[in-house]
Amino acid sequence: MNTVVNNSLEQDKSVNPQQTQFTSPETDSKRQTSFISQFDTQASAKKENETAKVKLSTSDVHVYYGDAEAIKGIDLQIYQNEVIAFIGPSGCGKSTFLRTLNRMNDTIDSCRVTGKVLLDNQDIYDPNLDVVLLRAQVGMVFQKPNPFPKSIFDNVAYGPKLHGLARDKYDLEEIVENSLRKAGLWDEVKDRLNQPGTGLSGGQQQRLCIARTIAVSPEVILMDEPCSALDPIATAKVEELISELSTQYTIAIVTHSMQQAARVSDRTAYFHLGDLIEVNSTEKVFTQPDHQLTEAYITGRFG
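Its first residue numbered 1159, the sequence shown is counted upward by one per residue in the numbering used here.
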């Protein structure tokens, strides 16, 4: 097994200077001080998850694109109702790993996954598993908002119709309203549900996509840089929504913003060149990381 994981890691691994560009120690200190000053103490005060139920787990997961190995034998447990953030430099494998958790990589012909991914102890790569049902249980919110070319109402109603979740018209209307309320969008769109979803602002479109995901009653929500295309105000609304949703759903989020990871997550996992280098409580990762690579990335020495 070729992974570096979990809460206590080797200390003697060093950053390869040929792969990494460093800044000066003085700059590192300033950046770390600046970052810690922005650390959200509310996120750090969230309860530890050691005794919580494991919702998703991976065992010796490797992902290949052709002959190139993108993910190198990762073991990880994700707990029920936690928010876990995946961070790391571009190309480190965090989005690829996220996509293995609901088999989105199946859509890429050259992609091959080995190892086990369990959802409530069921292997999601079992050939007899219904992948459509899996993606309802483990929903995905993408980097750029992607509303369907339908009305606001039909965007949210599409999934419940597809999966037969509504008994009648009134039940469907209730599902749509509840989903939009959970996504913090109902009050903004309740008088224009028949207008195109594509006519909303970027932040509203992303919350519409979150409502669309919620509407099929998922157990886990995967978010692949959901705020990267949004302005700061829209980003703040989505981050607030993530905190609210974590009381009902398990959430894994990929982000390039370490400040965002600190604000919204209970735990943070740091990826580097296809390896999972460190995973721990967000407060510990950002203030006392176990691994030199993690510290170098967080202090801005590379990435």
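All residues carry an ideal CB built from backbone N, CA and C; glycine is no exception.
Problem set entry | Complete runs of the alpha helix (DSSP H) confined to the region 1256 to 1329 [at least 4 residues] | 1289 to 1295 and 1310 to 1320
Problem set entry | Start-end ranges of the alpha helix (DSSP H) lying completely within the region 1315 to 1395, minimum 4 residues | 1327 to 1340, 1344 to 1347 and 1360 to 1372
For this session: Could you say which of N1438, V1422, F1429 and G1360 lies nearest to L1399 if we only look at CA atoms?
Result: V1422
For this session: Specify, as a first and last residue, the run of the beta strand (DSSP E) that Q1235 falls within.
Result: A1226 to Y1237
Exercise. DSSP puts L1214 in a beta bridge; with which residues?
Worked result: I1236 and L1277
Problem set entry | Euclidean distance between Cα positions of C1385 and L1287 | 32 Å
Exercise. D1433 bridges to which residues according to DSSP?
Worked result: H1430
Problem set entry | Sequence-distant residues of its chain with Cβ nearer than 6 Å to I1411 (five each side left out) | A1243 and M1381
Exercise. Once you ignore the five residues that flank T1452 on each side, which residues in its own chain have a CB closer than 7 Å to its CB?
Worked result: Y1428, I1435, E1436 and V1443
Problem set entry | Status (buried if at least 16 other CB within 10 Å, exposed otherwise) for E1240 | buried
For this session: Please classify S1401: does DSSP put it in a helix, a strand, or coil?
Result: helix
For this session: For L1451, name the three-state secondary structure that DSSP assigns.
Result: helix
For this session: Measure the alpha-carbon distance for L1292 versus N1260 and round it to whole angstroms.
Result: 7 Å
Problem set entry | Beta carbon of V1299 nearer than 9 Å to that of C1367 | yes
Problem set entry | Whether S1309 touches Q1364 by CB criterion (9 Å) | no
For this session: With a threshold of 16 other CB atoms inside 10 Å of the CB of G1224, please say whether the residue is buried or exposed.
Result: exposed
Exercise. Could you give the distance in angstroms between the alpha-carbon of L1403 and the alpha-carbon of G1342?
Worked result: 10 Å
Problem set entry | Supposed close pair S1215, Q1235 - CB separation, criterion 8 Å | 5 Å
Exercise. Once you ignore the five residues that flank D1218 on each side, which residues in its own chain have a CB closer than 8 Å to its CB?
Worked result: M1159, T1161, G1231, I1232, D1233, T1272, G1273 and K1274
Exercise. What first and last residue would you give for the beta strand (DSSP E) that runs through T1408?
Worked result: T1408 to V1412
Exercise. Over what stretch of residues does the alpha helix (DSSP H) that includes T1440 continue unbroken?
Worked result: T1440 to T1445
Problem set entry | Buried/exposed call for R1325, threshold 16 Cβ in 10 Å | exposed
Exercise. I1409 to T1426, Cα distance in whole Å?
Worked result: 12 Å
Exercise. Since R1421 is in the alpha helix (DSSP H), which residue starts that stretch and which ends it?
Worked result: M1416 to V1422
For this session: On the DSSP bridge assignment, give the partners of R1425 in chain order.
Result: I1242 and S1439
Problem set entry | Classification of S1195 by the beta-carbon crowding that lies within 10 angstroms, buried from 16 upward | Confidence at S1195 is low in this model, with a pLDDT of 48, below 50, so its placement is unreliable and no value can be given for it.
For this session: Could you check which residue in F1311, D1349, R1339 and L1277 has the C-alpha nearest to that of K1327?
Result: F1311
Exercise. Which term fits N1332, buried or exposed, when burial requires 16 or more other beta carbons within 10 angstroms of its beta carbon?
Worked result: The question names Asn, but residue 1332 in the sequence shown is Glu. When all chains shown are included, E1332 counts as exposed.
Exercise. Which word fits V1334, buried or exposed, when buried means at least 16 other C-beta atoms lie within 10 angstroms of its C-beta?
Worked result: buried
For this session: Could you check if L1256 is buried or exposed, using at least 16 other CB atoms within 10 Å of its CB as the buried criterion?
Result: buried
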